[in-house]
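Trainee: If you use the UniProt record's numbering, the sequence shown corresponds to residues 1 to 163, in order.
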Amino acid sequence: MRRPAIALLSLLVSTPAWAEDCSLEGLHWLQGAWGNTAVDTAGEERWVLLPGGALAGSAWETAKDGTPHFVEALSLSLTDGKVTLRMRHFDGTLARAWEDKMTPVTFTATRCGPGDVVFEGVGGHAGERITYARTKDRLSFVGEFIHKGKPHRVDLEMSRTGD
1 MRRPAIALLS
11 LLVSTPAWAE
21 DCSLEGLHWL
31 QGAWGNTAVD
41 TAGEERWVLL
51 PGGALAGSAW
61 ETAKDGTPHF
71 VEALSLSLTD
81 GKVTLRMRHF
91 DGTLARAWED
101 KMTPVTFTAT
111 RCGPGDVVFE
121 GVGGHAGERI
131 TYARTKDRLS
141 FVGEFIHKGK
151 PHRVDLEMSR
161 TGD
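Spelled out as structure tokens, the structure:
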């Protein structure tokens, strides 16, 4: 009986912080420009610290020939005491928004660690998940989405390209 209790205690101590321990300050490690050069696309995600501690982000992706695929606007802020990720997507020329103009895609932080965070989808995006993890000058992004009722996973490995 004693060993399972010790194992459970060590698991609890080593578990990353849950949502109530997530803070905007704890996510400032996202700051910077992160370049992605996949086999068939090029792209960048950039996070900047705003006055007051919130984070604003932008992302874009192009084909190797420079043809724009999409542009994304992101924000990390507190809503009702929870760290909230909001985003909107546009085609590469900004001529067409992908989502409803009144309702951004929204996720809330459910687990935070010193170099990683997990966001869970809200509303129409319930069941979806986004994970960021940083190791030195590398940032990984895993998006687990649902498109037309089917699971769709996006894995990106990015390198720091600037502040």
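Backbone N, C-alpha and C fix where the C-beta goes; we use that ideal spot for every residue, glycine too. Note that this is a predicted model, so its numbers are computed, not measured.
State the Cα-Cα distance for the pair M158 and L74, rounded to the nearest angstrom.
Mentor: For M158 and L74, the distance between alpha carbons rounds to 17 angstroms.
Trainee: Taking the beta carbon of R46 as the centre, do at least 16 other beta carbons fall within 10 Å, making it buried, or is it exposed?
Mentor: buried
Trainee: Under the assumption that S130 contacts L85 (Cβ atoms under 8 angstroms), give the Cβ distance between them as a whole number of angstroms.
Mentor: The amino acid occupying residue 130 in the given sequence is Ile; Ser does not appear at that position. The pair is a contact, with the Cβ atoms about 7 angstroms apart (cut-off 8 angstroms).
Trainee: Take E25 and list the residues in its own chain whose beta-carbon comes closer than 8 angstroms to its own, dropping the five residues that flank it on each side.
Mentor: G53
Trainee: Apart from the five residues on each side of it in sequence, which residues of its chain come closer than 7 angstroms, Cβ to Cβ, to G35?
Mentor: E44, M158, S159 and T161
Trainee: Between L50 and A56, how many whole angstroms is the CB-CB distance? I'm expecting something under 8 angstroms.
Mentor: 6 angstroms
Trainee: Under the rule that 16 or more other beta-carbon atoms within 10 Å means buried, what is A109, buried or exposed?
Mentor: buried
Trainee: The beta strand (DSSP E) spanning L30 covers which residue range?
Mentor: Premise fails: L30 is in no beta strand (DSSP E) and is neither H nor E.
Trainee: State buried or exposed for R134, treating a residue as buried only when at least 16 other CB atoms are found within 10 Å of its CB.
Mentor: buried
Trainee: Compare the C-alpha of V105 against each of R111, T93, A95 and R88 and name the closest.
Mentor: R88
Trainee: Can you tell which of K64, D21 and L30 has the C-alpha that lies nearest to the C-alpha of T41?
Mentor: K64
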